[in-house]
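In terms of our numbering, the sequence shown opens at residue 575 and continues consecutively. Here is the structure we will look at.
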Amino acid sequence: MTDATYIEQAEAKDAEFGDYIELLKPRVMRLVIFTAAVGLLVAPVPVHPVIALAAILCIAVGAGASGALNMWWDADIDRVMGRTKGRPIPSGRVTEGEALAVGLGLSGLSVVMLGLFANLLSAALLAFTIFFYAVVYTMWLKRSTPQNIVIGGAAGAFPPMIGWAVATGGVSVESVLMFALIFLWTPPHFWALALFRNEDYVAAKVPMMPVSRGGRSTRRQIFVYALVLAPAALALGLTEIGGPVYGLTALVLNAGFVAGAWRVSRRSGAAAEADGFRAEKRFFGYSILYLFLHFVALLADAGLRALELAPTGWPVLI
């Protein structure tokens with residue numbers, strides 16, 4: 575046993591079950607579970623509840639596996655960033671080797687089980703999502719280009735497409751537009767965060783947009799992405815899974831999103847620092863609510879359609 579290995583094991587000797595759960599990035603996992611479940615539930619093909627639950631569990635495990643692999647690879651920069659230095663590996667509660675083993679093991683398990691419970695297409699999409707997040711984004715894009723979150727955002731956009739594939743066995747314009755909604759939302763969401771967390775990325779030498787292109791360019795691009803995102807979000811309401819609830823919700827939310835992006839784009843760095851990045855933090859918080867409510871609205875319209883199609887008596891939702 576080498577000295578480094580001994581030290582690593584000694585540092586992680588107090589690891590508890592909760593530390594391994596934290597390794598899976600449960601906060602990110604919640605978003606994956608929710609959007610994947612919506613993709614499954616709004617699909618026009620009914621899915622047996624047991625199969626649906628098993629499929630969502632597999633997708634959740636796959637998301638957790640991606641998180642563990644991300645923490646394994648990024649352990650060095652997590653140690654120098656204020657918001658990540660308390661994670662299991664930088665704090666010494668879990669070793670890098672353990673994180674890698676957890677990530678690889680759960681990756682294989684989730685893909686195989688989803689293929690058995692659902693179908694090969696959904697399993698293939700899950701495998702590609704894990705690969706894209708862990709290899710394409712984490713190992714390549716994140717440290718090499720300011721477009722890291724633009725391209726890498728695809729990993730977080732696949733879950734509703736996977737849920738749709740579980741139900742239908744295919745891909746359609748509806749699932750592609752759900753993908754586009756998350757994909758186009760990701761850059762302005764994370765760039766707003768990067769504006770008021772810029773020092774962390776500078777310290778870690780991660781070329782996020784504010785680090786490599788400056789705050790002024792980042793603010794301008796946030797507004798441009800908001801303008802591109804709005805028609806994509808509204809277009810989803812014109813498909814078969816859209817409806818009055820989604821249409822009204824998307825109209826209101828996108829008006830607010832564009833307005834918030836405009837306010838952020840008009841601010842100078844000095845003004846933002848002076849008031850503690852109030853507008854940027856407000857826009858970041860609004861962006862989380864924005865995405866959540868879009869998918870809630872899709873569920874609401876799916877529920878209305880189910881009620882309309884139900885025979886007399888108690889409504890049939892499945």
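Built from N, CA and C at the ideal position, the CB exists for glycine as well. Since we're looking at a predicted model, the values are computed, not measured.
- For A708, there is no enclosing alpha helix (DSSP H), as DSSP marks it with neither H nor E.
- With a beta-carbon spacing of about 29 Å, I796 and I633 fall beyond the 8 Å limit used to define contacts.
- DSSP places I595 in the uninterrupted alpha helix (DSSP H) bounded by 591-597.
- By the neighbour-count criterion, in which 16 or more other beta carbons inside 10 Å mark a residue as buried, I756 falls on the buried side.
- If you look at W714, you'll find it isn't in any alpha helix (DSSP H); DSSP assigns it neither H nor E.
- Relative to the Cα of F831, the nearest Cα in the group T823, F851, F857 belongs to F857.
- R717 and A649 have their C-alpha atoms spaced approximately 13 Å apart.
- When secondary structure is reduced to three states using DSSP, R653 falls in the coil class, being assigned neither helix nor strand.
- A distance of 8 Å or more separates the beta carbons of I725 and A639.
- Counting the other Cβ atoms within 10 Å of the Cβ of I862 gives fewer than 16, which makes it exposed.
- Distance between V780 and A806, taken at the CA atoms: about 29 Å.
- For H622, no alpha helix (DSSP H) encloses it, and the DSSP letter there is neither H nor E.
- Under the three-state reduction of DSSP output, T823 falls in the helix class.
- For G671, the number of other beta carbons within 10 angstroms of its own is below 16, and it is reported as exposed.
- With respect to the 8 Å criterion, R852 and R793 are not classified as neighbours on the basis of their beta carbons.
- With a cutoff of 8 Å on beta-carbon distance, I663 and M645 are scored as near each other.
- In its chain, beyond the 5 residues on either side, F706, F757 have a beta carbon closer than 7 Å to the beta carbon of A728.
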